[in-house]
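Down below is the structure, laid out as structure tokens.
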Amino acid sequence: MKLLTKQGIIKSQTECAPNNGYFLIPLYDKGTFVLKIEPPVGWSFDPNSVELNIDGTTDKCSKGEDINFIFTGFTLSGKAEAEVTVESSNVDVVDKIVVSGYDVKGHVLSDGEPIQDVGFLLFSKSVNQKSFPGCEEIPPDVIEIIKKKMEVDAPLCRVKSGVDGLFVFPSIPSGEYTLVPYYQGELITFDVVPSKLTFSVNYKSVVLKTPFQVHGFSVTGQVHTAEGQGIADVSIAAGEGITAKTTSEGVYVLNNVTAGTYTLQASKEHFFFNSLKVQVTPNTPRLPVITPQAYHLCGALKFDKFPPGVTQLKGRKMILQTEGASIATRSMSTSVDENGNFCFKVPSGTHTIQPIIAMQEVTAGLALTPTEQVVTIKSSPVIGITFSQFRATVTGIVKCIGGSCSGVSVTLQSVSNPSLPKAQVQVAETSFMFKDVFPGNYKVSVLEESWCWESSSFEFQVSKADVTDLQFVQSGFILKCILSHDITLFFSLESHKEMEDSFDLPKGTKTFCLKEPGVYNLMPRSCHQFEQEVFKYNTSAPSVLTLTAMKHLLSGTVKTQEPTSDITIKIRSLKSKEVAILGPLKPESNEKKDESNANSSKPEEGKQQLSYNFSTWGRRGEELEITPVSSELLFYPANKVVTISDDCPAAWAEFEGRMGVFIEGQITPPLSGVQIVISSGGKEPITEIEVETDTNGKYRVGPLHGDIEYSLAASKAGFVLSPAAGKKGDFQALKLGQIDITVTDEDGQPLSAVLLSLSAGQFRSNNLTLDNGSMAFTNLGPGQYFFRPMLKEYTFTPPSQMIDVGEGSTVQLQVKGKRVAFSCFGVISSLNGEPEKGVAVEAIGLESCESFQEETVSDQEGQYRLRGLQPGCMYRVRVKIGDSNPHIERASPSFINIQVSATDLQNVNMIAFRHINQFEITGNVVTDSKFVSSLKVTLSPENNPETPVFTTPVSVASYFQFPSVPNDGQLYIVRLESSLSSFNYQYIRPESTVTATGVRAHVTFKFEPQPRKVEPEPSHGSFLTLPLLVILILVAVNHNKAF
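The opening residue of the sequence shown carries number 3 in the working numbering; numbering runs sequentially from there.
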């Protein structure tokens, strides 16, 4: 016995007492268990197991009741039945018992009387045994008759009924069987029903409960054509439920008939038979031959798609004419069904079939092919006569320059039936094809707008046959130009650049034809400048050539009587500030003519005037400042501002050149790089002129106007320059001295940020050393200077020094620094980890160092550094409370004691708690990093929005924070402002409202400026701009007069 948990785990087990079967299993736990018996093999007990729910009170075990298992018996096993004795153990039958088969019995009757000598044949598809005991020999003719009649395999056994009508198969093995009766007289075969019977033998005898009955006899007949050929699958009906179907030879058998008169009716699809009346007796086993009298002639109308306006299919008429028939039967008609099918019942002969199509349907494009069919019927029906809808195939060729017509399309449009949709196909190589074209009149067109054609379209007719003679011929390539201004367009093939031709084209849209394929060079010529000097046009990649003038020609001249070779023209855009230099210009000589102006003097006889012509390009509306420049000439006017138009020329500028004066001098001793500044006073001061001396200490400035008094000044770092006596423009140079200081630490490493102080008399200079520890005091006059280095936490050698500097001398001084004090580094942050800036922190010396005290303030990131802490001292580091930090209530920890040794202290961090009445306003800006430097944020009270109380820039991290404000419920407006030009960018200045309630408010702005689009130069002016243009011209004229 086994005690199991519900999961099948053995809890305990024991064996039963051999004398009385008693067992005992102790239980120590409550719960649900299964008590299961495991007897010897072959022993059976009831029950097999018992489920126990041990609760200590109500279960059988707790109540002391037995749980019993009852023995029910032993196991008996073997191969078959045998006589055995079962006593007190299992029994196994060793010897095998073989059963060869079982008897099958049945009987046959006729009108309730037993019938003798009726044969019964046994068939089976599942049993392969060749011989059975008690079977009779089966004649071969009987086997053949049965096979034809029943379509079965060879029989396994035959027996006959006895006098009592009983038949017996003595020994039949188990399996599935079919029993077929057969009863034949001398001239006739009698019918036995059922004609076959299926049964099973399942290891026991079988008695067939259903008796076989002899009902009547069978007669045969035949159906064939007039030529004597048998017709298969003809159904024969003889009335009273007697039917048959012909075999492949046309033979049929009527079973279970009795003597009498019958009317035979043959039927088969597509065949027509007359009924036949016959007299049937047992002595007339064969019936008269039946032949068909008419046949079906069937077909269908096949329509792929009706043309628009034609929808009828069902009811469409078909006409049939029979050759040689009487007038009454010569013609007949029928209608097609919804699928287009039709049938005629016709005798043997020759027949003509024709579908009927109305004239309006022909006009719409409906046609059938063939128009009629002639069919001969002999001895079988004709099925599948088809009239198909005629839709033509239209083909043609396209002759293209260069051979290939890839990308060309051809369209086909019906002229006679406008409801037909237009068709379009792509040309394949050089041919095109339209399939399924309805009959009618059509227009065909070639589509390639970038090519020229001898004829781009023509009309033709589709009637009864395909169309194959269409042809399009390309004559050239179209060049379409859209011009903003009048031009002369020169063009040539790139492969034949010497063969150049041209067209004069007015502005607007113009189209002309290029005769040959290839890449053309197109060169516009005019007083307007386009995007390119030469445009490429490829006939294999056609496009619209748009020529929009980008710039227009500015022309001008400089006239002078004095020849010179260095006249240049400086042209500066007033908008973009770009500068272009033209020249040096070359002169054109013209005989100077007498001037009629009364204020002008008559020139000397034969004096020539020289013209220096120039030109450049400018954009329409662009303002250009034109300034002629020469080393010898002065120009009148000195410069001129013109506005570019789109006329020819776009602008004109004329100047007169006259000889000027020059100022020159030198530096003694010779000194290069001296800055010479030339200025003037008086009523018309000139712009200061600056020039440097050359390697020889010389300079020359000019040309200048001769009627102006000029002042000169010279300067160079490290020198004192004073005017030389005797000649204006010369200067005497005196070189200044210099002190070079280098500061390093005890290890020889450079010390940066050391404050160096140098003084002498009224001279003062205080500077910090660079990263390399150096500093140079330059431009020092001769004399004695006092020097002192200073840096907290360091002492220096020398601590100070007097330095003598002579004229033009350089003094080198090395200074050593020694670290004598150290720093404490930390971070002051709020409780949420954000940095607290501007918080005062102090370090107070303890014990013997109580006389020492240092303090500092946290920076933007909340970081602080307490400098000058003495080694060997202990300090108390704390956030100062009170007036030094009015916004801070307390810090955590309130202080930190540190011990200073010979190194800096790091990460001495504290958390600062603000007063509750303080409110923080922070924010960030979502934008591209390139715009951050242009941004600032303002904070204004709502009741005075135009007067900010705080303004702060946006950090590189796109973050900003205002100083604290009172926590008093006040409304504030936070605005984002940018210094970006509104002319170049379009953007929104966002703002947000904040209420000073709580502890903190955070706002987020999006700043997404969009560059303004610069509109291209329009090709056509607007009437609205004309008055504005006139006003601008008047303003410009008056401006020039004023200056």
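In this text, a Cβ means the ideal position worked out from N, Cα and C, and glycines have one as well. If you're wondering where the values come from, they're calculated on a predicted model, not measured in any experiment.
In the structure shown, what three-state DSSP assignment does Val631 receive? strand
Less than 8 Å separating the beta-carbons of Phe392 and Ala369? yes
Suppose you measure from the CA of Asn21 to the CA of Phe201; what does that come to, to the nearest Å? 57 Å
Taking DSSP's pairing of strands, which residues face Tyr877 in a bridge? Gly847 and Ile900
Skipping 5 residues on each side, what residues in its chain have a beta carbon closer than 6 Å to that of Leu907? Cys826 and Ile900
For Cys63, report the span of its alpha helix (DSSP H) as first-last. Lys62 to Lys65
I need the DSSP call for Thr949, collapsed to helix, strand or coil. coil
Tell me the DSSP bridge mates of Ser575? Leu626
Which of the three DSSP states, helix, strand or coil, is assigned to Asp438? strand
Buried or exposed for Lys730, please, with buried defined as at least 16 other CB atoms from any protein chain shown within 10 angstroms of its CB. exposed
So for Ser1021, helix, strand or coil by DSSP? Residue placement at Ser1021 cannot be trusted, given a pLDDT of 41 that sits under 50; the coordinates are not used to answer.
From this set, Phe436, His707 and Val703, which residue's C-alpha is nearest Pro687's C-alpha? His707
Cβ distance (whole Å) where Thr940 is taken to contact Arg977 below 8 Å: 5 Å
Helix, strand or coil at Pro142 according to DSSP, with G and I counted as helix: helix
Reference Lys445; option with closest CA among Phe985, Pro420, Ser277 and Glu115: Pro420
Could I get the ranges of all uninterrupted beta strand (DSSP E) runs contained in the segment 294–318, with 3 residues as the minimum, in chain order? 296–304
Please check the pair Val412 and Val429, which I expect to be a contact at CB under 8 Å, by giving their CB distance rounded to whole angstroms. 6 Å
Please report how far the alpha carbon of Pro61 lies from the alpha carbon of Glu53, in whole angstroms. The question names Pro, yet the displayed sequence has Asp at residue 61. Using only the alpha carbons, I get a separation of about 11 Å.
Run through DSSP, which three-state label would Glu251 get? coil
Between the beta-carbon of Lys32 and the beta-carbon of Gly10, is there less than 8 Å? no
Could you have a look at Val956 and say whether DSSP puts it in helix, strand or coil? coil
Taking the C-alpha atoms as reference points, what is the distance between Val410 and Lys932? 51 Å
Nearest neighbour of Asp503, chosen from Gly510, Lys512, Phe493 and Lys509 [CA to CA]: Phe493
For Glu844 and Arg821, what's the separation of their Cα atoms in angstroms? 21 Å
Taking buried to mean at least 16 other C-beta atoms within 10 Å of its own C-beta, is Pro1029 buried or exposed? With a pLDDT of 44 at Pro1029, under the threshold of 50, the modelled position of this residue cannot be trusted; read the value that follows with caution. Exposed.
Would you kindly work out how many angstroms separate the C-alpha atoms of Glu658 and Leu626, rounded to a whole number? 19 Å
Nearest to Ser1 (by Cα), restricted to the options Ile145, Gly108, Gly558 and Thr924: Past the edges of the chain, shown from 3 to 1045, lies residue 1, and the structure says nothing about it.
So, at 7 Å on beta carbons, what are the nonlocal neighbours of Ser575 in its own chain, with the 5 sequence-adjacent residues on each side left out? Glu624 and Leu626
His917, DSSP secondary structure in three states: coil
Residue burial classification, Glu450 (beta-carbon count within 10 angstroms, cutoff 16): buried
Where Thr629 and Lys512 are concerned, what is the direct C-alpha to C-alpha distance, given to the nearest angstrom? 41 Å
Determine, using beta carbons only, whether Asp68 comes closer than 8 Å to chain B. Looking at the structure shown, chain B is missing, and only one protein chain is on hand.
Does the segment 738–753 touch the segment 773–792, meaning 3 or more C-beta pairs lie closer than 8 Å? yes
Boundaries of the alpha helix (DSSP H) in which Val2 is found, first to last residue: Shown here, the chain extends from 3 to 1045; a query on residue 2 therefore has no answer.
Go to Gln391, then tell me how far its beta strand (DSSP E) extends in each direction, as first and last residue. Val384 to Gln391
Reference Gly739, options Phe721, Met792 and Glu271, closest by Cα: Phe721
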